[in-house]
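Position in the sequence shown counted from 1, then plus 2, gives you my numbering.
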Amino acid sequence: MAKYKPSTGKIESIEEVNSALKTIGLLEHELDLIDAKSNKEISAIKERAAKDGEGKRKQIAELAAKIGAFAEYNRDELFIDKKTIELTFGTFGFRKSTSISIKTKTTVGLLEKLGLTDYIRLKKEADKEKMAELDDETLAQVDAVRKVKDTFFCEANKEEVNRDLLKSAG
């Protein structure tokens, strides 16, 4: 795909700016249509793939359950001195896994009460949105500064562009 190289022409009047904004609006409208069509096609493909693979996924789950039942039933004979059985077409076995299950919402409080604060995860970070409420002097005291800058923007008036499209189509 060829690279887009913007033209170096200049806009020299407010009318040309208005015309450029109209063009941006038209192009954004076309992009919205392209994106909508693509998303619809992607959704259809995903649905079709899920439907096409449904039987195979079910079959895999059933076979894995049967292998699991076989392994559990024959656990004493199969896994005497090892946890994994390697076969030509794959492996099966038991893995030791541990997880911590927290039964109550009071666990953090109880850990603090017992002095087990090493087992509490805290993420401390400055809340920039909240700090916007502070005055500049307070910001300076906490080694922060308010930065005010003008950032350029341009937005097409989509309603007007659509009205113009309807007018020219009708």
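Don't be surprised by glycine CBs; every beta carbon is placed ideally from N, CA and C.
Is residue i buried or exposed, if buried means 16 or more other CB atoms sit within 10 Å of its CB?
i   : result
G27 : buried
Give every residue of the same chain whose Cβ lies closer than 6 Å to the Cβ of residue i, excluding the five residues on either side of it in the sequence, and list them in chain order.
i    : result
L23  : A158
D129 : none
What residue range does the alpha helix (DSSP H) around residue i cover?
i    : result
E79  : 77-80
G111 : 109-115
T90  : Neither: T90 is in no alpha helix (DSSP H) and is coded neither H nor E.
K169 : 160-171
T140 : 138-143
K132 : 130-133
Return the Cβ separation of residue i and residue j in integer angstroms, given the expectation that the two are a contact with Cβ distance under 8 Å.
i    : j    : result
I122 : L113 : 6 Å
V150 : L141 : Incorrect: roughly 12 Å between the Cβ atoms, too far for contact.
K115 : R97  : Their Cβ separation, rounded to whole angstroms, is 35 Å, which puts K115 and R97 out of contact at 8 Å.
Kindly list the residues whose CB is nearer than 7 Å to the CB of residue i, restricted to its own chain and excluding five residues on each side of it in sequence; keep chain order.
i   : result
K58 : none
I87 : L80, T93, F94, G95
E17 : none
I44 : none
Can you tell me where the beta strand (DSSP E) with residue i in it begins and where it stops?
i   : result
E14 : Taken as a continuous stretch (DSSP letters only), E14 belongs to no beta strand (DSSP E), as it is neither H nor E.
Does residue i come within less than 7 Å of chain C when only Cβ atoms are used?
i   : result
L29 : Among the chains in the structure shown there is no chain C, since it carries only a single protein chain.
Does the count of Cβ pairs from the segment 144-164 and the segment 15-34 closer than 8 Å reach three? The segment 144-164 vs the segment 15-34: in contact.
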